[in-house]
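Q: Numbering (my numbering), first residue to last: 5 to 114.
#1: Can you tell me whether residue 17 is buried or exposed, with buried defined as 16 or more other CB within 10 angstroms of its CB?
#2: Give the DSSP-derived three-state secondary structure of residue 95 in the structure shown.
#3: Buried or exposed, going by whether 16 or more other CB atoms sit within 10 Å of the CB of residue 111?
#4: Candidates 24, 49, 20: which alpha carbon is nearest residue 59's?
#5: Which partner residues of residue 27 appear in the DSSP bridge assignment?
#6: According to DSSP, which residues form a beta bridge with residue 39?
#7: Would you mind reading off the limits of the beta strand (DSSP E) that contains residue 57?
#8: If the criterion is Cβ atoms closer than 9 Å, does the pair residue 89 and residue 28 meet it?
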């Protein structure tokens, strides 16, 4: 994992890349390190490990396409992608955006 100027990126092991994942609405950001050959599913799992919550079936890794979001195929390799958007998971304690309100209401006693 060498940056273009020949300096190794901090905390990134050989054969790994750092991926920036931003919440699609709140702009909260998390960085994860994954193997350069990782699939989008592996990136999602790394993200869930890092934030310590969330469910793989609810979380979607997407890219902005005009006014909509296109979901990445989880079976595909990350390739050259180093920035992703996430839906269905609050980052950094922010619970707004997709899936946030339902998560909160389920946790409150009836």
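Glycine residues also receive a C-beta, built at the ideal position from the N, C-alpha and C atoms.
A: Per the coordinate set shown:
#1: exposed
#2: coil
#3: Note that residue 111 scores a pLDDT of 47, beneath 50, so its modelled location is shaky and nothing firm can be said.
#4: 49
#5: 90
#6: 20
#7: That residue, residue 57, is in no beta strand (DSSP E); it is neither H nor E in DSSP.
#8: yes
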